[in-house]
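Residue numbers (my numbering), protein chains in the order written: chain A, 1 to 111; chain B, 1001 to 1110.
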């Protein structure tokens, strides 16, 4: 049973558009919610992360929105670029415990 | 900046052989995590170490074992390899809870 559910499985966006990926979790003990970007054959790279005491965090073109009551969080990529084409994973953890990953979203940004 | 170093990057083994993967965490990071990622799958947590002690255990097969040494590097030992063990194996290290991943070791079992 996936503890962190991610959607959509794949996403095609035009260059300059907004990419939106959603995640939902069940474990209310989770207190750390990162997003990772992964290119084929490479390790996941930390993109942006949020803790439940804030509802939104923005870093450059990347924004996390967090809804604690709904147990949902999402990644918005503004002005999407072809170089953003990769697989994106949401994740969650508690304290020093290991991350539990979502199933991933394959993003393709078309020129 | 220093990153997580994994070796070897690629490894080819026969069924029933053994393999050892090594991980060198970012300096001053006290926690190491091992993950397994199959093709098109999300990373699956195997095991972690905090200050050289096993701290958490995930879906690690009994055929696998791991340890963290006094210099904080970690090794994942895999025995009686099966075809299904073919995957990318990632090591990640952390100090504050943010996990930083290495480039991975690709294991192919023939």
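We put the CB at the ideal spot given by N, CA and C, even for glycine.
Cα-Cα separation, residue i to residue j
| i | j | result |
| --- | --- | --- |
| residue 55 of chain A | residue 68 of chain A | 8 Å |
| residue 1064 of chain B | residue 1058 of chain B | 12 Å |
| residue 1060 of chain B | residue 77 of chain A | 34 Å |
| residue 12 of chain A | residue 111 of chain A | 11 Å |
| residue 1076 of chain B | residue 1027 of chain B | 19 Å |
| residue 1054 of chain B | residue 1071 of chain B | 15 Å |
| residue 1020 of chain B | residue 1068 of chain B | 13 Å |
| residue 1086 of chain B | residue 1038 of chain B | 7 Å |
| residue 44 of chain A | residue 1102 of chain B | 8 Å |
| residue 1002 of chain B | residue 1022 of chain B | 16 Å |
| residue 88 of chain A | residue 1051 of chain B | 30 Å |
| residue 1096 of chain B | residue 1040 of chain B | 29 Å |
| residue 1046 of chain B | residue 60 of chain A | 33 Å |
| residue 1035 of chain B | residue 95 of chain A | 18 Å |
| residue 1013 of chain B | residue 1048 of chain B | 25 Å |
| residue 21 of chain A | residue 1011 of chain B | 34 Å |
| residue 8 of chain A | residue 86 of chain A | 14 Å |
Proximity below 7 Å, CB of residue i to CB of residue j
| i | j | result |
| --- | --- | --- |
| residue 1033 of chain B | residue 1073 of chain B | no |
| residue 36 of chain A | residue 46 of chain A | yes |
| residue 1105 of chain B | residue 1089 of chain B | yes |
| residue 38 of chain A | residue 103 of chain A | no |
| residue 98 of chain A | residue 1056 of chain B | yes |
| residue 1092 of chain B | residue 1083 of chain B | no |
| residue 23 of chain A | residue 101 of chain A | no |
| residue 50 of chain A | residue 58 of chain A | no |
| residue 109 of chain A | residue 84 of chain A | yes |
Those residues which DSSP pairs with residue i across a bridge
| i | result |
| --- | --- |
| residue 106 of chain A | A/10, A/87 |
| residue 1052 of chain B | According to DSSP, which records beta bridges pairwise, residue 1052 of chain B is partnered with nothing at all. |
| residue 1057 of chain B | B/1047 |
| residue 1004 of chain B | None, per the DSSP bridge assignment. |
| residue 1067 of chain B | B/1075 |
| residue 72 of chain A | A/24, A/67 |
| residue 1032 of chain B | B/1049, B/1093 |
| residue 1108 of chain B | B/1012 |
| residue 1088 of chain B | B/1037, B/1106 |
| residue 93 of chain A | A/32 |
| residue 49 of chain A | A/34 |
Three-state secondary structure assigned by DSSP to residue i
| i | result |
| --- | --- |
| residue 1099 of chain B | coil |
| residue 1076 of chain B | strand |
| residue 34 of chain A | strand |
| residue 1081 of chain B | coil |
Buried versus exposed, by CB contacts within 10 Å (16 or more), residue i
| i | result |
| --- | --- |
| residue 18 of chain A | exposed |
| residue 1042 of chain B | buried |
| residue 82 of chain A | exposed |
| residue 1108 of chain B | exposed |
| residue 1110 of chain B | exposed |
| residue 105 of chain A | buried |
| residue 1006 of chain B | buried |
| residue 10 of chain A | exposed |
| residue 34 of chain A | buried |
| residue 1066 of chain B | buried |
Cβ-heavy atom distance, residue i to the ligand GTP, below 6 Å
| i | result |
| --- | --- |
| residue 1014 of chain B | The ligand GTP is not part of this structure, which contains no ligands at all. |
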